[in-house]
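Visitor: Have a look at this one before I ask anything.
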Amino acid sequence: MTHQRTKTLMKFLPILLLLLMLTACSSSDPQPAGSHPLTAEEVGQVPPVAEKRAFSVVAPGGTRLDEYYWLRDDNRQDKNMLAYLNAENAYTDAVMKPLAGFKDQLYKEMVGRLKQDDATVPYLYKDYWYYSRYEAGKEYQIHARRKGNMEAPEEILLDLNELAKGYSYYSIDNFKISPDQKLCAFVEDSVGRRQYKLRIKNLETGAITDTGVSGISYGIAWAADNATIVYVWNDPETLLSKNIKSHRLGTDPASDPLLYHEPDDSYYLDVGLTRSENYICIYLESTLSDEQRCADVNNPGTFKLLAGRKSDFKYHADHLDGRWVVRTNWNAPNFKLMSFSDGIWNGREQWADLVPHDQTVLISSFELFSSFIAINERFNGLTRIRLRSNAGVETIVAADEPAYQMELDVNRQPNTDWVRYSYTSLTTPATIYELNSVSKERRMLKETPVLGGFDKRNYVTERQWAIARDGTRVPVSLVYRKGFVKNGTAALLQYGYGSYGISMEPWFSSNIISLLDRGMVYAIAHIRGGQEMGRQWYEDGKLLKKKNTFTDFIDVTNYLVGQGYAAQDRVAAMGGSAGGLLMGAIANMAPSSYRVMVSQVPFVDIVTTMLDESIPLTTNEFGEWGNPQDPVYYEYMLSYSPYDQLRATSYPAMFIGTGLWDSQVQYWEPAKYVARLRDRRTDNNLLVMRTQMEAGHGGSSGRFQRYLEAAEYYAFMMNQLGIASN
Numbered sequence: 002m003t004h005q006r007t008k009t010l011m012k013f014l015p016i017l018l019l020l021l022m023l024t025a026c027s028s029s030d031p032q033p034a035g036s037h038p039l040t041a042e043e044v045g046q047v048p049p050v051a052e053k054r055a056f057s058v059v060a061p062g063g064t065r066l067d068e069y070y071w072l073r074d075d076n077r078q079d080k081n082m083l084a085y086l087n088a089e090n091a092y093t094d095a096v097m098k099p100l101a102g103f104k105d106q107l108y109k110e111m112v113g114r115l116k117q118d119d120a121t122v123p124y125l126y127k128d129y130w131y132y133s134r135y136e137a138g139k140e141y142q143i144h145a146r147r148k149g150n151m152e153a154p155e156e157i158l159l160d161l162n163e164l165a166k167g168y169s170y171y172s173i174d175n176f177k178i179s180p181d182q183k184l185c186a187f188v189e190d191s192v193g194r195r196q197y198k199l200r201i202k203n204l205e206t207g208a209i210t211d212t213g214v215s216g217i218s219y220g221i222a223w224a225a226d227n228a229t230i231v232y233v234w235n236d237p238e239t240l241l242s243k244n245i246k247s248h249r250l251g252t253d254p255a256s257d258p259l260l261y262h263e264p265d266d267s268y269y270l271d272v273g274l275t276r277s278e279n280y281i282c283i284y285l286e287s288t289l290s291d292e293q294r295c296a297d298v299n300n301p302g303t304f305k306l307l308a309g310r311k312s313d314f315k316y317h318a319d320h321l322d323g324r325w326v327v328r329t330n331w332n333a334p335n336f337k338l339m340s341f342s343d344g345i346w347n348g349r350e351q352w353a354d355l356v357p358h359d360q361t362v363l364i365s366s367f368e369l370f371s372s373f374i375a376i377n378e379r380f381n382g383l384t385r386i387r388l389r390s391n392a393g394v395e396t397i398v399a400a401d402e403p404a405y406q407m408e409l410d411v412n413r414q415p416n417t418d419w420v421r422y423s424y425t426s427l428t429t430p431a432t433i434y435e436l437n438s439v440s441k442e443r444r445m446l447k448e449t450p451v452l453g454g455f456d457k458r459n460y461v462t463e464r465q466w467a468i469a470r471d472g473t474r475v476p477v478s479l480v481y482r483k484g485f486v487k488n489g490t491a492a493l494l495q496y497g498y499g500s501y502g503i504s505m506e507p508w509f510s511s512n513i514i515s516l517l518d519r520g521m522v523y524a525i526a527h528i529r530g531g532q533e534m535g536r537q538w539y540e541d542g543k544l545l546k547k548k549n550t551f552t553d554f555i556d557v558t559n560y561l562v563g564q565g566y567a568a569q570d571r572v573a574a575m576g577g578s579a580g581g582l583l584m585g586a587i588a589n590m591a592p593s594s595y596r597v598m599v600s601q602v603p604f605v606d607i608v609t610t611m612l613d614e615s616i617p618l619t620t621n622e623f624g625e626w627g628n629p630q631d632p633v634y635y636e637y638m639l640s641y642s643p644y645d646q647l648r649a650t651s652y653p654a655m656f657i658g659t660g661l662w663d664s665q666v667q668y669w670e671p672a673k674y675v676a677r678l679r680d681r682r683t684d685n686n687l688l689v690m691r692t693q694m695e696a697g698h699g700g701s702s703g704r705f706q707r708y709l710e711a712a713e714y715y716a717f718m719m720n721q722l723g724i725a726s727n
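Numbering follows this note's numbering, in which position 721 of the sequence shown is assigned residue number 722; successive positions increment by one, without gaps.
The structure is reproduced here in structure tokens:
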């Protein structure tokens, strides 16, 4: 069972994973001749100028004028607003026209490294082997299974290529198989706003039924009767998860009984089964506290409380073999594991320590097995896995590189000695291993194939520690091509995020090779606000300490330039979502430190957004940013808000991306930001904004379309850094 905090943050991760997977690095060649950065004059087209309309944003801390507030249209239908977005897209087309060949070349390279008919490693659940696969040339996955063994006939669960026909955007973010394995419940989104409708596929007949249930979150769970599904209903205006309901197949959704209502708008809701599949649980989570209620899977109407919510009390419990195990920060800032027996409800005082707190080790999540517990944890800024037998014997799974990511993979069978985990680094493709918890035998099940002659021995990854201005040591993951010399001439792309306690891992992607071989170094700055160095790392990068996130990123840049990893005038920065807030903040704080920035779905109008509780996610975020109704938080947030701090100065070249249907960071934030930046900046550097008119927070849904989008902003970025197309 995935920890609820992770599930909540996964709503933000698609764009983050895309940015990380499509970023890069490499050698120390100086700027190639004939590859000068494209200028506004060469484009030969005047950028759009947005109309100014007086509007006052009223707050306890004062009234601010927002001349571009009119660009907000919750219905996405205002003709003037759409005309402006289309004008920006047309200007971006004009800017990118001279780089069309470069973009096409990058796209062909990216797609050319894919094994287009690749498949995931099958996993056993009950008596079926489940897996997902792609077919060559197709945009979407096919989910399938085989009964008994992989030589049995294939049964198609969901072919997204067929389901997506007629839609410009299509996504299935969750599907669950009924206990008797005859039905598949899935949630689909055909807009990009992450508001789903529930559909059922009969796996015996192939018929798909619309249940009529819509406007829900991605969380669903089957009851034991194979006919009842518990789901999360969202408020249609704020999109907040508010109610837990159950739907019996074949009935009118209007009569679906309400199982739970959450009155506090600062909590997210989710549902799921325990590892034992004996309980359906409701998971409630805010930034500062959690609550969990569970019901017998045979009677999902009466939910009992595991422990009441308290400020600064986080927990998540799972169940197997008559025992509950809970991850909690109760007197344990870096979390510990505790346990309690069946029948103990709302009895925190009866929990017993199982894995004690360690101030140097952050416990991230765990998976229960019949004879052991597998624990995802973080030590010294890196992930690792600890296996703890029921007898208390512990094993740390080893890694061979200085910077890497390791985490538990799909493990649907609790009654086994084997545990699957994934391993990757900036030079090692994603690899699935299986480790025997008793004998310690390890088997490699799959290393993701990379076509096009890739050899990981040609690339080097390392770990550095930059010193922040307050003396804090900030970890940095680096990768470059073998033979790189730190002579201060290379181009650098530095990526960061630093919010919500999300740790940025050194993932591998074959797409980075297009940058590796063109003279770049790639760095991930593991700045405060993430959780790389433990829970305190997160606490020191939020609320009234948020500026540490921004200054850490700038200080990492200065360190890398000072150490000769890059030329001072050849540094690019990149981030998305809250990482786009990071980009906006550093652009105001240290504009001369960066030649170009790529900012995707950027959260740049933080004060105005957090003042408006009708906007999705706002109330859930008070524990992260603060409530600007409080003058103390208002002044602090205003002091770093990218939109509010724009001024008359020279800014880096920028590529800004957004999606019209984004429900996490509304499109009007980047649109307003670009409009005001065009008006106030004093330089003539290129500034473009690409709005995906039929997508949301994670960009387009098809895999090849995403590569096209990435190739575009990479071509822009690399041109501005003086990197030739070949």
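Cβ coordinates follow ideal geometry from the N, Cα and C atoms, glycine included. None of the values given here were measured: they were computed from a predicted structure.
Ignore the nearest five residues each way along the sequence and tell me which others in Ile607's own chain have a CB closer than 7 angstroms to its CB.
Guide: For Ile607, where only same-chain residues beyond five positions count, the Cβ hits under 7 angstroms are Leu582, Trp626, Met638, Ser642.
Visitor: Could you please give the first and the last residue of the uninterrupted alpha helix (DSSP H) stretch that includes Met82?
Guide: Met82 -> alpha helix (DSSP H) spans 80-97.
Visitor: Does the contact criterion of 3 or more C-beta pairs under 8 angstroms hold for the segment 176-194 versus the segment 652-672?
Guide: Touching, yes.
Visitor: Is the Cβ of Gly453 closer than 8 angstroms to any Cβ of chain D?
Guide: Included in the structure is just one protein chain, with no chain D present.
Visitor: Given this structure, state the Cα-to-Cα distance separating Gly35 from Ala725, to the nearest angstrom.
Guide: The pLDDT assigned to Gly35 is 39, lower than 50, so where the model puts this residue is not dependable; a value taken from the coordinates is nonetheless given after this. Distance between the alpha carbons of Gly35 and Ala725 is about 8 angstroms.
Visitor: Three-state secondary structure (DSSP) at Val675?
Guide: It is helical.
Visitor: Which residue or residues does DSSP assign as beta-bridge partners of Glu286?
Guide: In the DSSP output, where bridge partners are listed per residue, Glu286 has Tyr269, Asp291.
Visitor: Thinking just about the alpha-carbon of each residue, which of Gln142, Met151, Pro154 is nearest to the one in Leu161?
Guide: It is Gln142 whose Cα lies nearest to the Cα of Leu161.
Visitor: Which residue from Cys185, Pro430, Asn300, Tyr170 puts its Cα closest to that of Leu158?
Guide: Cα-wise, what sits closest to Leu158 is Cys185.
Visitor: At what residue ranges does the segment 167-241 contain a whole run of the beta strand (DSSP E), taking only runs of 3 or more?
Guide: Segments of the beta strand (DSSP E) lying fully in the segment 167-241: 172-178, 184-190, 197-203, 209-223, 229-235.
Visitor: Starting from the C-beta of Leu39, find all residues in its chain whose C-beta is less than 8 angstroms away, skip the five residues before and the five after it, and write them out in chain order.
Guide: Around Leu39: Val96, Pro99, Leu100, Leu687, Asn720, Gln721.
Visitor: Determine, using beta carbons only, whether Glu378 and Leu363 come nearer to each other than 8 angstroms.
Guide: Closer than 8 angstroms, so yes.
Visitor: Helix, strand or coil for Asp75? Go by DSSP, reduced to three states.
Guide: Here Asp75 sits in coil by DSSP.
Visitor: Can you pull the DSSP bridge partners for Gly660?
Guide: Gly660 is bridged to Gln693.
Visitor: Can you list, in chain order, the residues of its chain with a C-beta nearer than 6 angstroms to that of Ala165? Leave out the 5 residues immediately preceding and following it.
Guide: Around Ala165: Tyr141, Tyr171.
Visitor: Assuming Val461 and Val477 are in contact, meaning their beta carbons sit under 8 angstroms apart, how far apart are those beta carbons, in whole angstroms?
Guide: No, Val461 and Val477 are not in contact; Cβ-Cβ is about 14 angstroms, not under 8 angstroms.
Visitor: Return helix, strand or coil for Ala318, following the three-state DSSP convention.
Guide: In the structure shown, Ala318 sits in a strand (DSSP, three-state: E or B).
Visitor: Please classify Ile468 as buried or exposed, where buried requires at least 16 other C-beta atoms within 10 Å of its C-beta.
Guide: Burial call: exposed.
Visitor: How should Leu259 be labelled, buried or exposed, when 16 other C-beta atoms within 10 angstroms of its C-beta is the threshold for buried?
Guide: The residue is exposed, with fewer than 16 neighbouring Cβ atoms inside 10 Å.
Visitor: From Ile587 to Glu43, what distance separates their C-alpha atoms?
Guide: Distance between the alpha carbons of Ile587 and Glu43 is about 28 angstroms.
Visitor: Straight-line CA distance for Asp105 to Gln706?
Guide: Using only the alpha carbons, I get a separation of about 12 angstroms.
Visitor: Give the DSSP-derived three-state secondary structure of Met151 in the structure shown.
Guide: Coil at Met151, not helix or strand.
Visitor: What distance in whole Å lies between the Cβ atoms of Asp319 and Thr275, which are believed to be in contact at a cut-off of 8 angstroms?
Guide: That pair is a contact at about 6 angstroms.
Visitor: In whole angstroms, what is the alpha-carbon distance linking Pro48 and Ala716?
Guide: Rounded to the nearest angstrom, the two C-alpha atoms are 19 angstroms apart.
Visitor: Kindly give me the distance between the Cβ atoms of Asp174 and Val188, rounded to whole angstroms, as I take these residues to be in contact under 8 angstroms.
Guide: Asp174 to Val188, Cβ: 6 angstroms. Contact.
Visitor: Measure the alpha-carbon distance for Lys547 versus Gly489 and round it to whole angstroms.
Guide: When rounded, the distance between both Cα atoms is 31 angstroms.
Visitor: Taking the beta carbon of Ile397 as the centre, do at least 16 other beta carbons fall within 10 Å, making it buried, or is it exposed?
Guide: Result: exposed.
Visitor: Quick one, are the C-beta atoms of Gly585 and Tyr496 less than 8 angstroms apart?
Guide: No; because the gap between Cβ atoms is not below 8 angstroms, this pair is not in contact.
Visitor: Specify whether the segment 510-517 and the segment 333-353 touch according to this definition: at least 3 beta carbon pairs, one from each stretch, less than 8 angstroms apart.
Guide: Too few Cβ pairs lie closer than 8 angstroms, so no.
Visitor: In the DSSP assignment, find the beta strand (DSSP E) that holds Ile376 and state where it starts and stops.
Guide: Note, Ile376: beta strand (DSSP E), 373-380.
Visitor: Which residue marks the beginning of the alpha helix (DSSP H) containing Gly585, and which one marks its end?
Guide: From DSSP, the alpha helix (DSSP H) with Gly585 extends over 579-590.
Visitor: Report the three-state DSSP secondary structure of Lys447 (helix, strand or coil).
Guide: It is a strand residue.
Visitor: Could you name the residues of the same chain whose beta carbon sits closer than 8 angstroms to that of Thr64, not counting the 5 residues immediately before and after it, in chain order?
Guide: Result list for Thr64: Ser57, Val58, in chain order.
Visitor: Using only alpha-carbon positions, find the residue among Asp257, Ile230, Glu68, Ser215 that is nearest to Leu240.
Guide: The candidate whose alpha carbon is nearest that of Leu240 is Ser215.
Visitor: Nearest to Leu427 by CA position, among Arg413, Asn437, Tyr523, Asp518, is which residue?
Guide: Nearest C-alpha to Leu427: Tyr523.
Visitor: Please confirm if the segment 517-532 is in contact with the segment 124-136, defined as three or more CB-CB distances below 8 angstroms between the two stretches.
Guide: The answer is no - the segment 124-136 does not touch the segment 517-532, with fewer than three Cβ pairs under 8 angstroms.
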